[in-house]
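This report refers to the structure that appears directly beneath it.
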Amino acid sequence: MTNTDLDAHALLPWLALQQAKGLGPVRGWKLWQKLQENCCRAEYLRGTGLDDSTLTHLLTPQHALLERVLAWLNDGPERHLLTRADPRYPEQLNRVSAAPLLLFVEGDPAVLTLPQLAVVGSRHPSYVGKENTRQLIPPLVEAGLAITSGLAMGIDGLAHQAALNAGGTTLAVFGSGLAQCHPKRHLRLARHIVECGGVIMSECYPWEKPQAFLFPRRNRIISGLALGVLVMEAAERSGSLITARFALEQNREVFAVPGARQNPQATGCNRLIQQGAKLVEEANDVLEELAGFSAAAVKIHDAATEQLLPYPDLLDNVGLEATALDIIAERCQQPVHQVLTRLVELELAGWVESVPGGYVRARRS
Numbered sequence: 002m003t004n005t006d007l008d009a010h011a012l013l014p015w016l017a018l019q020q021a022k023g024l025g026p027v028r029g030w031k032l033w034q035k036l037q038e039n040c041c042r043a044e045y046l047r048g049t050g051l052d053d054s055t056l057t058h059l060l061t062p063q064h065a066l067l068e069r070v071l072a073w074l075n076d077g078p079e080r081h082l083l084t085r086a087d088p089r090y091p092e093q094l095n096r097v098s099a100a101p102l103l104l105f106v107e108g109d110p111a112v113l114t115l116p117q118l119a120v121v122g123s124r125h126p127s128y129v130g131k132e133n134t135r136q137l138i139p140p141l142v143e144a145g146l147a148i149t150s151g152l153a154m155g156i157d158g159l160a161h162q163a164a165l166n167a168g169g170t171t172l173a174v175f176g177s178g179l180a181q182c183h184p185k186r187h188l189r190l191a192r193h194i195v196e197c198g199g200v201i202m203s204e205c206y207p208w209e210k211p212q213a214f215l216f217p218r219r220n221r222i223i224s225g226l227a228l229g230v231l232v233m234e235a236a237e238r239s240g241s242l243i244t245a246r247f248a249l250e251q252n253r254e255v256f257a258v259p260g261a262r263q264n265p266q267a268t269g270c271n272r273l274i275q276q277g278a279k280l281v282e283e284a285n286d287v288l289e290e291l292a293g294f295s296a297a298a299v300k301i302h303d304a305a306t307e308q309l310l311p312y313p314d315l316l317d318n319v320g321l322e323a324t325a326l327d328i329i330a331e332r333c334q335q336p337v338h339q340v341l342t343r344l345v346e347l348e349l350a351g352w353v354e355s356v357p358g359g360y361v362r363a364r365r366s
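Under this note's numbering, the very last position in the sequence shown is 366; numbers go up by exactly one each time.
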C-alpha cells in the first residue's frame, strides 16, 4: 500500500487522535466531531490552543502504525476495529463520555448490541463465591442476558465459563492487547468464547502487553457495555469496586451478593449493599431491575421433590463456608471417627464436598 493510499485511509485520523498525548478519549471524541465540521482540518487544529507536542502527533501521518493495525486486521476473518463513528460500535457504550475512540474486536460485532450484565468479583474467590457464580449465571443467560467480564482469574473466568456452559453468549474485555492474553492460562477460554459466538475486545493495540494502569481503565468498558454490574464477591479494596463505581457514574444498576461478615472476600459486597446496591439472592433480583426483563422471563422449574435429609444433625453443622472436621464433631457432640465416617457417606451421596479446610454443603442440599 502506497503512502497516498495510506493518507486516504479512514482509520488514519483516528490513530492520530489515539496517539496524541494529553488528549484522552473525552477530548479526542469532541475534537473528532469538530473536525468533521471543518474542511481545513490542519488550520482548525492550529487554532485550538493545543500544545505543540499534541499538534505534532495530530498532524504527523501514522503510516507505520496504520500498516501494523491493518496487518493485524487482515490476519483473521473475525478481526475488526470499530471507531466511535462506526455504526457497529455498541450504542450502550457510546453513551459513555469516556468511551474508547477505538475498539479492537475478535468475533461477531453484532454481539456487542446484546443486552449485557457485567459480572465481576474476586480473583481469589471463596467456595461460596464460586458456587454463587455457577448457580446465578444460568438463569440470567436463560432470560436473554449476555455475560460481560474481564477474563481475569477467579470470578471473571468462572462467569465466562458458566455462561458458556449454559449455552449463552459471553464477552471478554482485555486489559491488554488481544494478542497478549492475560492471564495466559485463559488463552484457551478466550478462543472458546469466540468459537461459541461471543467476542473478546480491547481498546489497546493488539500487541500491547498488560500493564497495571490498563486494568482500571478496562473496567469502565465492562460497566459501559452493560445494563448493570453484579459483584459476586469482593474484598473492601478490590478492582471490582472500581467497576461498580464506574457503573454508578454511568447510571448503570449495581448489584451485590451478600456474604458472611467473617469472610473478608465479602466485605466489599456488604459495603456496596450498605451504600445502596441491590442485594441479590437469586436471578430475579437482578432481572426485575433491568429494563426489558422481569421475573416472568425466567422459566419456572418444578420444585424438587422433598427429600429426607440423612444425618440432619450433622448436615446442620456443615455450611457453605469450609468447616473443619473437628469443629463439626464438636458442634454435633459426636466422636470424630463417627463424624468422619458419616461425612464420607454424605460425600458419596452428593450432600457435602471435601474442600481445603474441611467440608462444605454441596449444591444438591
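Ideal Cβ placement from N, Cα and C applies to all residues, glycine included.
Which of the three DSSP states, helix, strand or coil, is assigned to residue i?
| i | result |
| --- | --- |
| Y90 | coil |
| L326 | helix |
| E234 | coil |
| F105 | strand |
| K319 | The sequence shown places Val at residue 319, not Lys. V319 falls in the coil class under three-state DSSP. |
| L24 | coil |
| R343 | helix |
| R362 | strand |
| L16 | helix |
| V353 | strand |
| L280 | strand |
| Q37 | coil |
| G269 | helix |
| G29 | helix |
| E348 | helix |
| V287 | helix |
| V299 | At V299 the pLDDT is 43, less than 50, meaning the model places this residue with poor confidence and gives no usable figure here. |
Pop quiz: residue i and residue j are said to be a contact at Cβ under 8 Å. What is the actual Cβ separation, rounded to whole angstroms?
| i | j | result |
| --- | --- | --- |
| L102 | P26 | 5 Å |
| G145 | P110 | That belief does not hold up - the Cβ atoms of G145 and P110 are roughly 19 Å apart, past 8 Å. |
| L51 | M202 | In fact, because the Cβ distance is near 29 Å, the residues do not count as touching under 8 Å. |
| I156 | G130 | 6 Å |
| I148 | V121 | That pair is no contact at about 11 Å. |
| G229 | L118 | 6 Å |
| L67 | H125 | About 41 Å; that fails the 8 Å criterion. |
| R221 | A99 | 6 Å |
| L280 | P313 | L280 to P313, Cβ: 29 Å. No contact. |
| S123 | A235 | 6 Å |
| L82 | Y90 | 10 Å between Cβ atoms; not a contact. |
| G377 | A323 | Coverage of the chain is limited to positions 2 through 366, which leaves residue 377 absent and any answer about it impossible. |
Once you ignore the five residues that flank residue i on each side, which residues in its own chain have a CB closer than 7 Å to its CB?
| i | result |
| --- | --- |
| V348 | Note on identity: in this sequence residue 348 is Glu, with Val being the wrong assignment. Excluding residues within five positions, the ones whose Cβ falls inside 7 Å are E354 and S355. |
| G199 | G108, V112, T170, T171 and L172 |
| A17 | H58, L59 and Q63 |
| H187 | L152 and G158 |
| A160 | V120, T134, I138, I148 and S150 |
| M154 | R124 and P184 |
| P211 | G176, S177, Q181 and H183 |
| A305 | Here A305 scores only 39 on pLDDT, less than 50, and its place in the model should not be relied on; the value that follows carries that caveat. Within the same chain, A305 has no close Cβ partners at all. |
Grab me the residues of residue i's own chain with a C-beta within less than 6 Å of its C-beta, minus the 5 sequence neighbours each way, in chain order.
| i | result |
| --- | --- |
| Y206 | G178 |
| E237 | T268 and G269 |
| A227 | Q117, L118, A119 and T149 |
| H338 | none |
To which residues of the same chain is residue i closer than 8 Å at the C-beta, ignoring the five residues directly before and after it?
| i | result |
| --- | --- |
| L321 | Y128, V129, E132, V361 and R362 |
| G168 | V142 |
| Q275 | none |
| E290 | G229, E254, F256 and K279 |
* To do: Would you check if there are 3 or more beta carbon pairs closer than 8 Å linking the region 180-196 to the region 238-252?
  => no
* **beta strand (DSSP E) segments (min. 3 residues) lying fully within the region 48-85** => Those beta strand (DSSP E) runs which fall completely within the region 48-85 and span 3+ residues are 80-84.
* Taking one C-beta from the region 315-325 and one from the region 274-289 each time, how about it: are there three or more such pairs within less than 8 Å? -> no
* Jot down the residue ranges of each uninterrupted beta strand (DSSP E) in the region 194-265, minimum 3 residues, whole runs only, in chain order. => 200-203, 229-232 and 254-257
* Asked: Where in the region 106-181 do unbroken runs of the alpha helix (DSSP H), each at least 4 residues long, occur, reported from the N-terminal end onward?
  -> 128-143 and 156-166
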